[in-house]
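Chemist: Just so we're aligned: the sequence shown equals residues 18 to 665 in our numbering.
Idealized CB from N, CA, C, for every residue including glycine.
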Amino acid sequence: MKTYIKEHWRKLLVMAGAVILLTVLVELLVFNFHSLFDDTYTTRYDFAGGQTYDHVKIEDVDYSTTTEQDGKTVESKGLETDYTFTFPEKMYIKKLHIGYQSPVDFSITMNAYNDNGYGETAATEYYDQSLAAFTDYYNNIGQDATGCKIRVVNNFNGTIDFIEFSNELTMNPYRMFFLAVVFSCILFLIFGAPVFGRKLEVYFAFLSLLAGSIYIIFGGTLRIGWDEQVHFDNAYSNAYFSTVQYTEAATIMKEAHQPYYNTLEERQYIADYFNSKDNTDQAVLVSKPRFIPYNQWAYITQTLFLAIGRLLHLPFTILYMFGKFGNLLLYTLVVALAIKYAKVGKAIVAVIALLPTCLFQATCYAYDGVAISFTILGFILWLNEVLDKEKKLKWYNVLAIVGCFVFASLPKAIYIILLGLLCFFPKTKFGSKKQRIFFIAGVVAVMITIIYTFLFPVASQTSMGNVNWGSDVRNEESETGIVKQLMMILDHPWTYTKLLVGTIFKTFCDYIFGIGANANFAFLGAYSAQFTYLFTPLFLGLGFISCQEETKYVLDKKYKLLIGVLVFGVFCLIWTALYLSFTQIGALGFNGVQPRYYLPIMVMLPFLCRNKTLVCHGKLQNYNRIVMAIMTFVVLYGAYSIMLPFNV
Numbered sequence: 018m019k020t021y022i023k024e025h026w027r028k029l030l031v032m033a034g035a036v037i038l039l040t041v042l043v044e045l046l047v048f049n050f051h052s053l054f055d056d057t058y059t060t061r062y063d064f065a066g067g068q069t070y071d072h073v074k075i076e077d078v079d080y081s082t083t084t085e086q087d088g089k090t091v092e093s094k095g096l097e098t099d100y101t102f103t104f105p106e107k108m109y110i111k112k113l114h115i116g117y118q119s120p121v122d123f124s125i126t127m128n129a130y131n132d133n134g135y136g137e138t139a140a141t142e143y144y145d146q147s148l149a150a151f152t153d154y155y156n157n158i159g160q161d162a163t164g165c166k167i168r169v170v171n172n173f174n175g176t177i178d179f180i181e182f183s184n185e186l187t188m189n190p191y192r193m194f195f196l197a198v199v200f201s202c203i204l205f206l207i208f209g210a211p212v213f214g215r216k217l218e219v220y221f222a223f224l225s226l227l228a229g230s231i232y233i234i235f236g237g238t239l240r241i242g243w244d245e246q247v248h249f250d251n252a253y254s255n256a257y258f259s260t261v262q263y264t265e266a267a268t269i270m271k272e273a274h275q276p277y278y279n280t281l282e283e284r285q286y287i288a289d290y291f292n293s294k295d296n297t298d299q300a301v302l303v304s305k306p307r308f309i310p311y312n313q314w315a316y317i318t319q320t321l322f323l324a325i326g327r328l329l330h331l332p333f334t335i336l337y338m339f340g341k342f343g344n345l346l347l348y349t350l351v352v353a354l355a356i357k358y359a360k361v362g363k364a365i366v367a368v369i370a371l372l373p374t375c376l377f378q379a380t381c382y383a384y385d386g387v388a389i390s391f392t393i394l395g396f397i398l399w400l401n402e403v404l405d406k407e408k409k410l411k412w413y414n415v416l417a418i419v420g421c422f423v424f425a426s427l428p429k430a431i432y433i434i435l436l437g438l439l440c441f442f443p444k445t446k447f448g449s450k451k452q453r454i455f456f457i458a459g460v461v462a463v464m465i466t467i468i469y470t471f472l473f474p475v476a477s478q479t480s481m482g483n484v485n486w487g488s489d490v491r492n493e494e495s496e497t498g499i500v501k502q503l504m505m506i507l508d509h510p511w512t513y514t515k516l517l518v519g520t521i522f523k524t525f526c527d528y529i530f531g532i533g534a535n536a537n538f539a540f541l542g543a544y545s546a547q548f549t550y551l552f553t554p555l556f557l558g559l560g561f562i563s564c565q566e567e568t569k570y571v572l573d574k575k576y577k578l579l580i581g582v583l584v585f586g587v588f589c590l591i592w593t594a595l596y597l598s599f600t601q602i603g604a605l606g607f608n609g610v611q612p613r614y615y616l617p618i619m620v621m622l623p624f625l626c627r628n629k630t631l632v633c634h635g636k637l638q639n640y641n642r643i644v645m646a647i648m649t650f651v652v653l654y655g656a657y658s659i660m661l662p663f664n665v
């Protein structure tokens with residue numbers, strides 16, 4: 018890499034300049050078109066002193082609504098204030114800004130009126146919430162309007178100080194960063210052809226770090242990931258030795274009470290708010306064990322980066338994102354190693370690791386990134402050994418494979434059965450039969466030890482007759498309990514088997530090819546369902562079609578069967594674990610199972626389809642480049658369509 022930079026520094030410098038120039042031009046000419054070529058203005062209407070305007074009508078309306086709750090009719094009363102504007106001429110409204118004072122949160126609805134092209138007036142509605150903690154509300158409008166009606170709902174004992182419409186030229190740093198990444202990836206895809214041959218890990222790391230950084234920065238302090246408040250609390254508390262300092266900002270995060278924003282200005286207000294609440298002198302001190310529980314080791318880099326951030330006295334909002342970057346860095350490094358060492362299927366590894374849900378989880382406070390990346394690396398190292406049958410096992414390779422599978426299963430022990438792959442190494446990998454027996458015994462012992470950690474409590478409580486142990490206290494309306502549910506399964510094994518197998522097969526396609534598994538950004542939303550039509554042929558193509566250069570590495574049928582059995586076993590454990598802990602006792606369905614639980618084993622499925630019949634005779638370099646171009650679009654599409662709107 019150093020040699021390449023030294024030889025091509027002029028070319029790289031020109032490309033960097035091109036990226037900067039293109040970024041600025043697109044930001045100006047596309048996203049600030051109306052500000053450049055229409056009138057720029059800021060029109061402010063002050064209402065704090067009771068001012069009135071000829072073309073502004075203000076009307077207060079008391080309203081009441083009735084709803085049915087538990088068979089009873091409940092009446093709700095409220096107050097609406099309508100501000101109706103009739104503009105002297107059509108104007109382009111880029112942004113709405115309202116100044117207010119309010120002791121309570123309230124909502125604002127704006128209907129912008131404009132000619133629909135058929136001589137009729139059409140209204141476009143914009144809705145958002147205003148927070149009592151702040152005094153300014155912003156909303157992005159971005160349309161021509163001849164007038165508008167702004168409805169303020171339930172601003173009890175509050176005031177509207179002013180309403181402001183504007184069309185100012187603004188260079189958005191978040192959008193410009195996104196554009197710079199897009200143009201950088203395009204130039205890499207065009208001019209970096211040699212990398213896509215045998216150095217695919219370089220482009221993967223490039224895209225993963227840049228796109229992942231976009232996810233982290235765009236996500237900011239929003240609550241975006243599944244149970245992120247729990248994972249943040251674990252990572253944050255482990256960043257302290259024995260006494261945790263919970264500042265008010267950290268407490269807000271771990272209780273998932275952070276304010277919501279969806280504009281650039283609101284984001285800055287909330288950042289200032291969080292930074293002002295990060296006062297360690299007023300922190301709540303909580304004692305903790307010095308030893309980090311093994312099931313929290315997956316947070317190691319998140320914890321490390323939070324600890325470093327505290328030492329550097331980073332502002333809380335930067336600290337919060339910095340901890341996430343530790344997760345992304347570990348994920349990228351581990352997967353890049355898997356791609357580097359893979360004898361075959363480098364593109365498969367890169368595609369699975371770049372699935373939007375996978376990358377998203379690697380940029381949240383979560384342990385999914387660790388489970389996915391270390392499972393991928395462990396499987397690739399195992400696959401290399403199986404494909405090279407004559408080469409004897411090296412102790413460090415075995416240690417690496419075992420370490421990967423064990424570390425991946427610490428937060429979710431169900432994945433430990435994948436360690437069973439090691440029990441089926443070819444006999445030629447061992448020096449003697451005795452050595453092979455001892456090796457298998459050691460692997461089984463490790464598996465039993467890990468499984469024991471989560472089965473022992475269930476078995477012990479069952480033997481003691483504590484049938485209420487393991488109830489889901491979060492769901493008071495439905496009767497749940499691990500012990501009771503397990504006893505129900507043991508009493509009706511055939512009924513449960515039919516339910517389990519039937520559910521796995523019924524949901525298989527959706528959980529493998531669907532948006533819920535592959536392109537889901539949790540609380541931010543998911544990709545359009547049409548992306549299923551992209552993921553399905555992409556996965557099938559990667560599985561069934563390989564380049565001529567890779568056809569010499571195809572798994573024997575017995576290993577395909579082995580992988581299939583173990584993968585199905587993981588499916589069964591996933592569904593059973595959630596049936597025991599989250600599902601009502603005796604229910605003929607499952608609660609709590611999410612498609613993302615399949616992601617750690619997704620990398621194995623395409624290798625089951627690899628064959629020597631369907632062959633792509635083109636260059637591996639071109640094959641990989643096309644696949645990476647598709648994944649670049651897929652990864653960045655989510656950043657633009659789902660995450661960027663919170664930052665404009």
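Can you name, in chain order, every residue of its own chain whose Cβ lies under 6 Å from the Cβ of L39, other than the five neighbours on each side?
Modeler: Here the question's residue 39 lines up with position 22 in the sequence shown. If we look at L39 and ignore the five residues flanking it on each side, its Cβ neighbours are F200.
Chemist: To the nearest angstrom, report how far apart P428 and Y384 are at their CA atoms.
Modeler: Position 411 of the sequence shown, counted from the first residue, corresponds to residue 428. Position 367 of the sequence shown, counted from the first residue, corresponds to residue 384. Pairing P428 with Y384, the inter-Cα distance amounts to about 7 Å.
Chemist: Out of A210, E97, V582 and Y278, state which residue places its alpha-carbon closest to the alpha-carbon of L541.
Modeler: In the sequence shown, residue 541 corresponds to position 524, counting from 1. The candidate whose alpha carbon is nearest that of L541 is Y278.
Chemist: How many Å lie between A604 and F522 at the Cα?
Modeler: Here residue 604 refers to the residue found at position 587 when the sequence shown is read from its first residue. Here residue 522 refers to the residue found at position 505 when the sequence shown is read from its first residue. Straight-line Cα distance between these residues: approximately 18 Å.
Chemist: Measure the alpha-carbon distance for L113 versus G655 and round it to whole angstroms.
Modeler: Within the sequence shown, the letter at position 96 stands for residue 113. Within the sequence shown, the letter at position 638 stands for residue 655. Going by the C-alpha atoms only, they are around 26 Å apart.
Chemist: Do you know how far the Cα of E283 is from the Cα of L186?
Modeler: Here residue 186 refers to the residue found at position 169 when the sequence shown is read from its first residue. Here residue 283 refers to the residue found at position 266 when the sequence shown is read from its first residue. Going by the C-alpha atoms only, they are around 18 Å apart.
Chemist: Going by DSSP in three states, H114 sits in which element: helix, strand or coil?
Modeler: In the sequence shown, counting from the first residue as 1, residue 114 sits at position 97. In this structure, H114 counts as strand in the three-state DSSP scheme.
Chemist: Could you check the C-alpha separation between T141 and F102 for me, to the nearest Å?
Modeler: Position 124 of the sequence shown holds residue 141. Position 85 of the sequence shown holds residue 102. About 15 Å.
Chemist: Which of helix, strand or coil does DSSP assign to I137?
Modeler: For the purposes of this step, residue 137 is taken as residue 120 along the sequence shown, with counting starting at 1. Reading the sequence as shown, one finds Glu at residue 137 and not Ile. Under the three-state reduction of DSSP output, E137 falls in the coil class, being neither helix nor strand.
Chemist: So does the region 363 to 376 actually touch the region 592 to 610, counting three or more Cβ pairs closer than 8 Å?
Modeler: no
Chemist: What are the boundary residues of the beta strand (DSSP E) that includes M621?
Modeler: Here residue 621 refers to the residue found at position 604 when the sequence shown is read from its first residue. It is not in any beta strand (DSSP E) - M621 carries neither H nor E in the DSSP assignment.
Chemist: So, under 8 Å CB-CB, A388 and Y348 are touching, yes? Tell me the CB distance rounded to an integer number of Å.
Modeler: To locate residue 388, count along the sequence shown from 1; it is residue 371. To locate residue 348, count along the sequence shown from 1; it is residue 331. That belief does not hold up - the Cβ atoms of A388 and Y348 are roughly 10 Å apart, past 8 Å.
Chemist: If you draw a straight line from the alpha carbon of Q502 to that of A267, how long is it in whole angstroms?
Modeler: Taking the sequence shown and counting its residues from 1, the one referred to as residue 502 is at position 485. Taking the sequence shown and counting its residues from 1, the one referred to as residue 267 is at position 250. Going by the C-alpha atoms only, they are around 37 Å apart.
Chemist: In the structure shown, what three-state DSSP assignment does I659 receive?
Modeler: Residue numbering aside, residue 659 sits at position 642 when the sequence shown is read from its first letter. In this structure, I659 counts as helix in the three-state DSSP scheme.
Chemist: Between which two residues does the beta strand (DSSP E) containing Y277 stretch?
Modeler: Here the question's residue 277 lines up with position 260 in the sequence shown. Y277 -> no beta strand (DSSP E), and no H or E assigned at all.
Chemist: With DSSP as the reference, label I529 as helix, strand or coil.
Modeler: Position 512 of the sequence shown, counting from 1, holds the residue named residue 529. Under the three-state reduction of DSSP, I529 is assigned to helix.
Chemist: Nearest-angstrom Cα distance between Y513 and D79?
Modeler: The residue given as residue 513 occupies position 496 in the sequence shown. The residue given as residue 79 occupies position 62 in the sequence shown. Going by the C-alpha atoms only, they are around 56 Å apart.
Chemist: P662 to K294, Cα distance in whole Å?
Modeler: Translated into positions along the sequence shown, residue 662 becomes position 645. Translated into positions along the sequence shown, residue 294 becomes position 277. In a straight line, the C-alpha of P662 is about 26 Å away from that of K294.
Chemist: Please state the DSSP three-state secondary structure of Y640.
Modeler: For the purposes of this step, residue 640 is identified with residue 623 of the sequence shown, where counting begins at 1. Look at Y640 here: in three-state DSSP terms it is helix.
Chemist: Can you tell which of L435, I434, T445 and I433 has the C-alpha that lies nearest to the C-alpha of L410?
Modeler: Stepping through the sequence shown from its first residue, residue 410 is reached at position 393. Of L435, I434, T445 and I433, the residue nearest in Cα terms is T445.
Chemist: Pick helix, strand or coil for K89, following the three-state DSSP scheme.
Modeler: As a position in the sequence shown, residue 89 is number 72, starting the count at 1. Strand.
Chemist: In three-state terms, what does DSSP make of M32?
Modeler: Looking up residue 32 in the sequence shown gives position 15. Here M32 sits in helix by DSSP.
Chemist: Give the range of the alpha helix (DSSP H) segment to which I269 is assigned.
Modeler: Within the sequence shown, numbered from 1, the residue matching residue 269 stands at position 252. First-last of the alpha helix (DSSP H) with I269: E265 to K271.
Chemist: Three-state secondary structure (DSSP) at L224?
Modeler: On the sequence shown, residue 224 is found 207 positions in, with the first residue counted as 1. Residue state, collapsed to three classes: helix.
Chemist: Restricting to runs no shorter than 3 residues, where is the beta strand (DSSP E) found entirely within the region 155 to 199?
Modeler: 176 to 183
Chemist: Between the Cα of Y290 and the Cα atoms of F396, D298, P276 and C633, which residue gives the shortest distance?
Modeler: Locating residue 290 in the sequence shown gives position 273, where the first residue counts as 1. When only C-alpha atoms are compared, the closest one is P276.
Chemist: Can you name, in chain order, every residue of its own chain whose Cβ lies under 6 Å from the Cβ of Q246, other than the five neighbours on each side?
Modeler: To locate residue 246, count along the sequence shown from 1; it is residue 229. Counting only Cβ-Cβ distances below 6 Å, and skipping sequence neighbours, we find K271 and A273.
Chemist: For N492 and L516, I'd like the C-alpha separation in whole angstroms.
Modeler: Here residue 492 refers to the residue found at position 475 when the sequence shown is read from its first residue. Here residue 516 refers to the residue found at position 499 when the sequence shown is read from its first residue. Low local confidence applies: a pLDDT of 49 at N492 is under 50, so the model's placement there is unreliable, with the coordinate-based value given in what follows. Distance between the alpha carbons of N492 and L516 is about 23 Å.
Chemist: I need the DSSP call for V632, collapsed to helix, strand or coil.
Modeler: One-based indexing of the sequence shown puts residue 632 at position 615. The answer is strand: DSSP assigns V632 an E or B state.
Chemist: Where does F104 fall in DSSP's three states?
Modeler: Indexing the sequence shown from 1 puts residue 104 at position 87. In the structure shown, F104 adopts extended strand secondary structure according to DSSP, grouped into three states.
Chemist: Tell me where the alpha helix (DSSP H) around V361 begins and ends.
Modeler: Position 344 of the sequence shown, counted from the start, is the residue given in the question as residue 361. Premise fails: V361 is in no alpha helix (DSSP H) and is neither H nor E.
Chemist: What is the rounded straight-line gap between the Cα of V587 and the Cα of K569?
Modeler: Sequence index remark: in the sequence shown, residue 587 carries index 570 (1-based). Sequence index remark: in the sequence shown, residue 569 carries index 552 (1-based). Cα to Cα, the separation comes out at about 29 Å.
Chemist: Check whether the region 173 to 184 touches the region 204 to 219, taking contact to mean three or more Cβ pairs, one atom from each stretch, closer than 8 Å.
Modeler: At 8 Å Cβ cutoff, the stretches do not touch.
Chemist: Is it buried or exposed for E218, if we count other Cβ within 10 angstroms and need 16 for buried?
Modeler: Locating residue 218 in the sequence shown gives position 201, counting from the first residue. Label assigned to E218: buried.
Chemist: Once DSSP output is grouped into helix, strand and coil, what is the label at Q262?
Modeler: Here residue 262 refers to the residue found at position 245 when the sequence shown is read from its first residue. Annotated three-state conformation of Q262 is strand, per DSSP.
Chemist: I'd like the list of long-range same chain contacts for I287, defined as Cβ closer than 7 Å, with 5 residues on each side in sequence excluded.
Modeler: Here residue 287 refers to the residue found at position 270 of the sequence shown. The answer, listed in chain order, is T238, P276 and Y278.
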